[in-house]
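Notes follow the structure.
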Amino acid sequence: MRAYERLLNYVKVFTTSDEDSTTVPSTARQFDLAHKLVEEMKEIGIADAHVNDMCYVYGTIPATPGYEDKKSVGFIAHMDTAPDFCGENVNPIIEENYNGEDVVLGTSGRTIKVADFPHLKTLKGRTLIHTDGTTLLGADDKSGIAEIMTFAEEIIGSDEPHGKICIAFTPDEEIGAGADHFDVEHFGAQFAYTVDGGEENAVEYENFNAAGAEVKFNGVNIHPGDAKDIMVNAALVAMEFNAMLPPTQTPSQTSGYEGFFHLTDMKGDVASAELSYIIRDHDADKFADKKKVMEHAANIINRKYGEGTCELTIKDQYQNMLEMIKPHMFLIDFAFKALEDAGENPKAVAIRGGTDGARLSFMGLPCPNLGTGGYNFHGPMEHITAEGMDTVVRVLHGITKRFAE
């Protein structure tokens, strides 16, 4: 079975995670795919495949006799899909020999336009898989699962020598909890790759340092007719706080290695107001400076309106994995060489976001991220090609080969 054929099966399973849930996993429906994968893993010869009570799937392919002393490698993908858009009743559409032009998404009224997404031209002649416009596709990250499963089936059925290969599929990655209960020791690999990126020729080993900030404003509410020198309008103070942040350091005005402040939610009235932000930067010093900017703004507000007017809470979320990958740059070399063997021109991409691999790297499992061949994740414009997925499968073989040498 080719990887894209597996993908078509997996996207039918509703696995969207829920950021408001307090359970593990955040949605019980993720077990539906987990059990399906365990059964399939056993069918292809992964005898120890299993899912634990927190919905983490694990399995190992033992080393070829004589290769037991080689470094073990793991491949990881996540089962949940993003709650940003509908992930239920996914109806994938397949266009063979895609013409490289605008893609009409069923009868939804949505179109993936070449003018907006010029990369579509490079996909001409491929087998394009996209949505009908009413749901996301779920290639993030069911394509990664399909590619790992296809690789596993192929290597088990071949005489290709290899060291121990460890496989894991995780829940709740899309809500930032995929690594929360990952058992690195049980997984059993010395090094690993998440298969959860975009273009098939991308290798990612740098990501944002990240924090979340909650800012609460306590006002003084009084009848507006008697408000002179007494009223403190919390909603206006919140606007004043936001105006003290650098106006050009927002997601819509930054790219590459540039960090940002991103206002994600706001609510309030005269008596109280709340702003929620995420803070991001690849550079650790610039990241620290951004947090200081927020602290300085809060101090100014409190000096102006009185102590306690502004309550700022900043919570670190994850770190740039580069620090943990640098001592093991052979992982990147292996990925680049495997891509070259597959006929691709590899490129290093700095992630403008996070990845389970970042947290796993700081948990003792160095874990860069590989592309899956997909585009426009988390919405109805999501798409992928069968050929791109085939390339990723070859890359997994190429990496495993180098671990065995």
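If you count the sequence shown from 1, position 51 lands on 36 in our numbering, and the numbers rise without skipping.
C-beta atoms are modelled at their ideal positions from N, C-alpha and C, and glycine is treated no differently.
Computed from a predicted model, the values in this text were never measured in an experiment.
Taking residue 302 as part of the beta strand (DSSP E), name the residues at either end of that continuous run.
Start and end: 295 to 303.
Quick check on DSSP: helix, strand or coil for residue 354?
Of the three classes helix, strand and coil, the one that applies to residue 354 here is strand, per DSSP.
Exposed unless 16 or more other CB atoms sit within 10 angstroms - verdict on residue 109
Flag for residue 109 reads exposed.
I need the boundaries of the beta strand (DSSP E) containing residue 194, first residue and last residue.
Per DSSP, residue 194 belongs to the beta strand (DSSP E) from 194 to 203.
Quick check on DSSP: helix, strand or coil for residue 280?
Residue 280: helix per DSSP, three-state reduction.
Stretch-stretch touch, CB-based, cutoff 8 Å, three pairs: the region 339 to 348 with the region 93 to 105
In this structure the region 339 to 348 does not touch the region 93 to 105; the number of beta carbon pairs closer than 8 Å is below three.
Give a yes or no on whether the C-beta atoms belonging to residue 124 and residue 367 are separated by under 8 Å.
Yes, these two residues count as a Cβ contact at 8 Å.
Could you give the distance in angstroms between the alpha-carbon of residue 383 and the alpha-carbon of residue 374?
Distance between the alpha carbons of residue 383 and residue 374: 14 Å.
Indicate the three-state DSSP secondary structure (helix, strand or coil) for residue 229 in the structure shown.
The DSSP-derived three-state label of residue 229 is coil.
Does the region 171 to 186 come close enough to the region 66 to 74 to have 3 or more Cβ pairs within less than 8 Å?
With a cut-off of 8 Å, the region 66 to 74 and the region 171 to 186 do not count as touching, because too few Cβ pairs lie within range.
Top-ranked residue by Cα proximity to residue 324, from 117, 186, 107
It is 186.
Separation of residue 136 from residue 381, as counted between CA atoms
Straight-line spacing of the CA atoms in residue 381 and residue 136 works out to 7 Å.
DSSP beta-bridge partners for residue 191?
Its beta-bridge partners are 335.
Residue 26 - DSSP class collapsed to helix/strand/coil
DSSP places residue 26 in helix when its eight states are reduced to three.
Nearest CA to the CA of residue 390: which residue from 327, 51, 236?
When only C-alpha atoms are compared, the closest one is 51.
Report the partner residues of residue 261 according to the DSSP bridge assignment.
Partner(s): 199, 250.
Using the C-alpha atoms, what's the distance from residue 163 back to residue 26?
Roughly 21 Å separates the two Cα atoms.
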